[in-house]
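Written below as C-alpha cells is the structure these notes are about.
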DNA sequence: AGGTCAATATTGTCTAACAAGTACACATGC
DNA sequence: GCATGTGTACTTGTTAGACAATATTGACCT
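Protein chains in written order, with UniProt numbering: chain B, 1 to 221; chain H, 1 to 221.
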C-alpha cells in the first residue's frame, strides 16, 4: 500500500523531509532536534526518529555528542575551507580526466545554460544549477562510488549555503563565464589549464564563503 | 565506568568486532548476518544489533535488500575497478598537491620501510603497511573530510583483499620500489611524473585484482 | 562570587509484541 | 515432467513502554 516512488520506509521518509527542511532554511543551523520531539512531530516511535537522526548525523547534516540532543550542524570558516578543499581535489582530477579525452558532459552544458538564463533572478536560485553543473563533471567519470562521495559532499555544500542565505557570493555572469571557460578547456584537451581554472574558481568561492562565515560568527558572538 | 578507550557504546563495540571479523576473513563474503542471530551471538537486543548492521550496510561492508538478511558484501571485478578508480582520483590529486610543495610525508616513508622489511613474509602481511602508505599520502593533505572519505574507501579496499586472501598480487620488492619512486618524484616536485607513476601503480594492481575476481566468480559458478 | 550538589531532561538500551514483506517448498493442474 | 499458484515460515519494520546512565542546569551553600 505504500507508495513505490520516493518513500519506502518511515525512516527514509523522515530523513527526506528533514533534509528538505534543513536545506530550505526552515530549520536553521544550531537548532536542537530531540528524539522525543521529532517522534512527536512526525507521529512515529522514538526508535524510528532515532534511526533517522542517526542517519543525518552520519551524513554530517546533524551533529551530536553522547547524551545530548542532535543539532543542525553549525559550520565555521574552517569547515568551509575543508569542504571546498575536498571538493577541489575530486573535481580537479575529474576535469583532468575529462580533458584527457576532450569529452564535455552534456549535463554540464545544460546546467550552465540554466545559470545563464537566471541572470537577474535572486541569488539563491543559482545554487541548485551551480551544484548540478559541478556534479555533472564528477558524474561524467561514470564511477558509482565517486559520484556517491560527491553527492554526500554536495549535502555539506548545500548546508554551507543555508548559513549565508541571502548574500550574493559571486555574480551570475562571472560564474557562468568561468564555467564556460572550463568546458572550453576540457574540449580543447587542456588538462592543466582546466585544472587551474577550476582551482581558481573554487578557491575564489571558498575565500568569499570563509570571510562571510567569519563575519557571521563574530556578529553572533 | 565504561572504558574511555575504544568503545563507548554497545553498538560501536559490535561494529568494531564485526569489522574485525570480516577483515580477518572469519566471516567470508556472502555470509548472511541476521539481526536475531547477531543479537543472540553478542547477547544484545535486536534493535541494538539492527543499529550495528545498518551502520555496516551504510559503510558498504554489508549489503541488504528490504526484508532480507544483511550479507557480507560480495565484490565483483566491476566493483574492484570502481573502487580503484575512485581511490586513483583522490590519490592522484593528493600526490600532485604534495609534489607542488615537494613535501614528502614522514608517515609514508615509515610505511614503505615496513614493506621493505617484510620482504619474505607472507603476502597477506603486506596489505596493512601498503594501506598505511597510501593513507599517509592522503592524510598529508591535512583535510579532515578527505581523510574520512579515504578511510571509508580503505574499508572497501580491505574487503577486496579478503576475496583474494592468499594470492600474491604483486611482489613485495616491486611495490616498495614503485612507492619509493613516487616519493622521489614528489620530493623533486615532478607533479606530472608522480601522478603518472601512481596511475600506473594503481592501474596494474586493479587489473590483477579484477582478473582474480573474475576467476573466482567463474569457479564459484 | 564561586564551587558543590541535586534535580531534570535526554539519550542508550532492553523487553515484548505485532505488522508486513519475501523466499521457499509444497501441492496442484496441465 | 514441468510450470504455476498458494501457503507457510522466516526475516525485517515498527511500535510501545520501561529502566539505566549521563550531561546540563539551576539552586544552594560557603
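Backbone N, C-alpha and C fix where the C-beta goes; we use that ideal spot for every residue, glycine too. Bear in mind that the values here come from a model prediction, so they are computed numbers and not experimental data.
If you draw a straight line from the C-alpha of residue 172/H to the C-alpha of residue 112/H, how long is it? 10 Å
Quick one: what does DSSP say residue 116/B is sitting in, helix, strand or coil? helix
Quick check on residue 67/B: buried or exposed, where buried means 16 or more other Cβ atoms within 10 Å of its Cβ? Its Cβ having fewer than 16 others within 10 Å, residue 67/B is exposed.
Which residues in the same chain have their Cβ closer than 6 Å to the Cβ of residue 225/B, if we skip the five residues on either side of it in sequence? The structure shown does not extend to residue 225/B, since chain B spans only 1 to 221, so no value can be given for it.
Quick check: does the Cβ of residue 201/B come within less than 8 Å of any heavy atom belonging to the ligand FMN? This structure simply doesn't include the ligand FMN, nor any ligand for that matter.
Residue 71/H: first and last residue of the uninterrupted beta strand (DSSP E) it sits in: Judged by DSSP secondary structure, residue 71/H falls within the beta strand (DSSP E) whose first and last residues are 70-72.
Straight-line gap, residue 90/B to residue 103/B (C-alpha atoms, nearest Å): 17 Å
Chain B partners of residue 86/H, CB-CB under 8 Å? 143, 145, 146, 149
Name the chain B residues that come within less than 7 Å of residue 92/H, Cβ to Cβ? 93
When we look at the beta-carbon of residue 110/B and count the other beta-carbons within 10 Å, is it buried (16 or more) or exposed? Exposed, by the Cβ-count rule.
Outcome for residue 16/B when other beta-carbon atoms lying within 10 angstroms are tallied against a minimum of 16: exposed
Taking the alpha-carbon positions, what's the residue 124/B to residue 73/B distance? 20 Å
With a CB to CB cut of under 6 Å and the five nearest residues on each side skipped, what residues in its chain are close to residue 178/B? 201
Residue 121/B at chain H interface by Cβ criterion, 9 Å: no
Report yes or no: do three or more beta-carbon pairs, one from the region 140-156 of chain B and one from the region 75-92 of chain H, lie closer than 8 Å? yes
Nearest to residue 107/H by alpha carbon, out of 189/H, 180/H, 164/H, 47/H? Ranking the options by Cα distance to residue 107/H, first place goes to 180/H.
Determine the chain H residues that contact residue 105/B at a beta-carbon separation under 7 Å, and present them in chain order. Within chain H, no residue comes near residue 105/B; the closest Cβ sits about 16 Å away, beyond 7 Å.
N-terminal and C-terminal residue of the alpha helix (DSSP H) that residue 143/H is part of: Premise fails: residue 143/H is in no alpha helix (DSSP H) and is neither H nor E.
Could you tell me whether any Cβ in chain B is nearer than 9 Å to the Cβ of residue 15/H? no
Between residue 47/B and chain H, is there a C-beta pair that is closer than 9 Å? Put simply, the CB of residue 47/B is near chain H, with a gap under 9 Å to one of its CB atoms.
Reduced DSSP secondary structure (H/G/I, E/B, other) of residue 61/B: coil
Residue 58/B versus 152/B, 192/B, 95/B, 216/B, residue with shortest Cα-Cα distance: Out of 152/B, 192/B, 95/B, 216/B, 152/B has the C-alpha closest to the C-alpha of residue 58/B.
Residues near residue 31/B by beta carbon distance below 7 Å, same chain, minus five either side: 71, 72
Have a look at residue 115/H and residue 174/H and give me their C-alpha separation to the nearest angstrom. Distance between the alpha carbons of residue 115/H and residue 174/H: 10 Å.
With a threshold of 7 Å on Cβ separation, who are the neighbours of residue 23/B within its own chain once the five nearest residues in sequence on each side are excluded? 158, 162
On a Cα-Cα basis, can you pick out the residue from 212/H, 105/H, 118/H, 95/H that is closest to residue 190/H? 95/H
Which listed residue (88/B, 93/B, 61/B) has its alpha carbon closest to that of residue 21/B: 61/B
Can you give me, in chain order, the residues of the region 55-87 of chain B that have a beta carbon less than 7 Å from any beta carbon in chain H? 58, 66, 82, 83, 85, 86
Among 195/H, 33/H, 88/H, 46/H, the one whose alpha carbon lies nearest that of residue 65/H: For the options 195/H, 33/H, 88/H, 46/H, the alpha carbon positioned closest to that of residue 65/H is the one of 33/H.
Give a yes or no on whether the C-beta atoms belonging to residue 156/H and residue 213/H are separated by under 9 Å. no
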